[in-house]
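Data block below; observations after.
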Amino acid sequence: MKKFFTKSGIIVLTVVTIAAVILCIVSAAGSGTGFIHNALGVIASPFRAAGSAVSGWVGDIAGRFASVESLQEENDALRQQVAELEKELRQAQEDSQENERLRTLLNLRQQREDFVFESARVVGQSTSNWSSTITLSKGTSSGIAIGDCAVNEEGFLVGVVTDAGLNWSTVTTILDPSSQLGAKVFRTGETTVVQGDLGLMNQGQLKLAYLAGESSVINGDLVMTSGLGGYYPSDLVIGSVEEIRTDDNGLTKYAVMTPKVDLDALVQVFVITDFTIID
Amino acid sequence: MTPRDLTIKWLFYSGAALICLVLQQLLNPIQIWGIHPFILPLVPVMPAMLEGRSESALFAVGCGVFCDLLFPAQIPCLYTLAFLAAALAAGQLAGRIIMPGFLCALLSGLIAFVCTDLLQILAHTAGATQFSDAALLSGQELLLSVPFALLLYPLFRAIHRRVANE
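Same order as they appear, the protein sequences are chains A and B.
Every letter in the first sequence is one number past the one before it in our numbering, and letter 57, counting from 1, is 60.
Every letter in the second sequence is one number past the one before it in our numbering, and letter 120, counting from 1, is 602.
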């Protein structure tokens, strides 16, 4: 038996090899799919599918593991990008608000070409209940000096600079009890004095003092700076009359006024560093 | 107590005073009757109540100068004078009349506001302000602010216990 395989095996192997080569040549030379090729394909098909499924699954898992790290990196990058975009958005919103304020200011600047403005941010409000002041982000290095008037973007009077350092200044608002300005009633032209009052300050109001007994001031009258003496600019809107009261002496009257400017909402003010004195 | 310990103790009290300054900034927007709680006068009386020594008076003067520079009032050295007087009074109160505690903190707070607001009333009524307006504001401020002594007292007591007694 062993001899048979040794002697006949070579013959069998040779025959099978020749047959296989002939089959390959026939299969390659023939047009279309040969019967044998077809049959082998049919038999191998489920194994191919199974193999493909298994390799796909394994590849999928490997890919998933590989992508976790890249996803984390991508996530970090996206988070950073979102933070940067949010920061840019906040800045854009602030810029937009400032732009709006400056546009409104431009109208005022066109009306009063003699005004030289210096814009400053409000960095602090008064801590004491006995005074009403705001601290600004600019001072003498920007040309701000004691006695300068501060207005909002609409030109409504905020107060007067009472203290100034190199890069800061303090504005005593029109509500402060120490505040006192020459004023005139827009409708009648009557000149008088606007002053802060401790009793009215915490209600956000101020006083139009020393009204003559025959004064024709009525509720709703607009009050502006008189500019008399040339110390403060004229025609800056201070507020409107809310109520007329009689002084304790019974001879003179005063009016309670509400300022036009909303002091609690102030973010930016414009200090008038120079103006033309109108006689 | 060595000079080093003394310095550390008062540095801690100064730190607590800075915390109070930050708290004051947070309280500024909270308005009741148109005014906000004003806790700074409570700061110098707390160590004065707990320590009852001459350093407390010096600390009160420091706090007063700081406030006078930051929040100028009608009188140039209003807070310096008021805080010094309040600290001396609070020291006497805690040393002779009542033991330091929450009640003593409330009474010391009351003293602090009496001293500060008396000077404020004097300064304002010297001008055009009516006494009734100034007194009303003082009463409102006192009612809103003195209860904060109960909040500040544990902070200063903690420093006193941990640092001052080491």
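Note that CB positions come from ideal geometry on N, CA and C, so glycine has one too.
What does DSSP give as the partner residue(s) for residue i in the beta ladder?
i: A/V272; result: A/A123
i: B/I514; result: B/I517
i: A/Q128; result: A/I137
i: B/D487; result: For B/D487, which the question treats as bridged, DSSP gives no partner whatsoever.
i: A/D277; result: A/V119
For the beta strand (DSSP E) that residue i lies in, which residues bound it at each end?
i: B/G577; result: Per DSSP, B/G577 belongs to no beta strand (DSSP E) and is neither H nor E.
i: A/S172; result: S172 to T176
Rounded to whole angstroms, what's the CA-CA distance from residue i to residue j? Just pull it up for me.
i: A/D98; j: B/L637; result: 42 Å
i: A/I14; j: A/S70; result: 57 Å
i: A/T288; j: B/I603; result: In the structure as shown, chain A starts at 4 and stops at 282, and residue 288 of chain A therefore has no counterpart that could be examined.
i: B/I557; j: A/A268; result: 29 Å
i: A/S144; j: A/C152; result: 17 Å
i: A/A53; j: A/I64; result: 17 Å
i: A/L211; j: B/R644; result: 56 Å
i: B/L524; j: A/L169; result: 32 Å
i: A/V274; j: B/R578; result: 54 Å
i: A/V196; j: B/L619; result: 24 Å
i: B/S590; j: A/D117; result: 55 Å
i: A/T17; j: A/I46; result: 26 Å
i: B/V686; j: A/N205; result: What is shown of chain B runs 483 to 648, which leaves residue 686 of chain B out entirely.
i: B/I580; j: B/L588; result: 11 Å
i: B/R639; j: A/T165; result: 40 Å
i: A/I137; j: A/E72; result: 53 Å
i: B/I490; j: A/Q183; result: 47 Å
i: A/E2; j: A/K263; result: Limits of chain A in this structure are 4 at one end and 282 at the other, which puts residue 2 of chain A out of reach.
i: A/T228; j: A/V125; result: 23 Å
i: B/A610; j: A/A123; result: 32 Å
i: A/L220; j: A/I247; result: Sequence check: residue 220 of chain A is Val here, not Leu. Going from the Cα of A/V220 to the Cα of A/I247 covers about 8 Å.
i: A/T284; j: B/C549; result: Nothing in the structure corresponds to residue 284 of chain A, since chain A is present only between 4 and 282.
i: A/Q1; j: B/L503; result: For chain A, the structure presents residues 4 to 282; residue 1 of chain A sits outside this window and is missing.
i: A/S134; j: A/L209; result: 13 Å
i: A/W60; j: A/F68; result: 12 Å
i: B/A571; j: B/L585; result: 15 Å
i: A/T107; j: A/D265; result: 16 Å
i: A/A22; j: A/V57; result: 35 Å
i: B/A530; j: B/H642; result: 11 Å
i: B/F553; j: B/L532; result: 27 Å
i: B/V565; j: A/T276; result: At residue 565 of chain B the sequence reads Phe, which differs from the Val that was named. About 38 Å.
i: A/R190; j: A/T255; result: 20 Å
i: A/L160; j: B/G544; result: 36 Å
i: B/T484; j: B/E537; result: 14 Å
i: A/M260; j: B/L560; result: 30 Å
Could you tell me the boundaries of the alpha helix (DSSP H) in which residue i lies?
i: B/L522; result: First-last for B/L522: undefined, no H or E at that position.
i: B/G544; result: S536 to L552
i: B/G583; result: Segment: none, B/G583 is in no alpha helix (DSSP H) and carries neither H nor E.
i: B/P558; result: Counting along the chain, B/P558 falls outside any alpha helix (DSSP H), and DSSP gives it neither H nor E.
i: B/G621; result: F613 to S627
i: B/R644; result: That residue, B/R644, is in no alpha helix (DSSP H); it is neither H nor E in DSSP.
Using the beta-carbon of each residue, which ones in chain B are nearer than 9 Å to residue i?
i: A/D166; result: P554
i: A/N252; result: Near A/N252 there are no residues of chain B at all, since even the closest Cβ is about 13 Å away, more than 9 Å.
Which chain A residues are close to residue i, counting only those with a beta carbon under 8 Å from its beta carbon?
i: B/A616; result: L201
i: B/G609; result: P180 and S181
i: B/H606; result: W133, P180 and L201
i: B/Q649; result: Nothing about residue 649 of chain B can be reported from this structure: the residues present for chain B run from 483 to 648 only.
i: B/Q506; result: T130
Please compile the residues from chain B whose C-beta is within a distance smaller than 7 Å of the C-beta of residue i.
i: A/N132; result: I517, H518, F520, L619 and E623
i: A/Q128; result: N510
Establish whether the CB of residue i and some CB of chain C are separated by less than 8 Å.
i: A/N78; result: No chain C is present in this structure, whose protein chains are A and B.
Please compile the residues from chain B whose C-beta is within a distance smaller than 8 Å of the C-beta of residue i.
i: A/Q3; result: The requested residue 3 of chain A does not occur in the structure, where chain A is confined to residues 4 to 282.
Residues of chain A with a CB under 9 Å from the CB of residue i: which are they?
i: B/Q574; result: What B/Q574 touches in chain A: nothing, since even the nearest Cβ is about 27 Å away.
Query - Segments of 4+ residues assigned as alpha helix (DSSP H) that fall wholly inside the segment 208–269 of chain A - result: none
Report task. List in chain order: all unbroken alpha helix (DSSP H) runs of 4+ residues lying wholly within the segment 134–206 of chain A. Result -> 201–204
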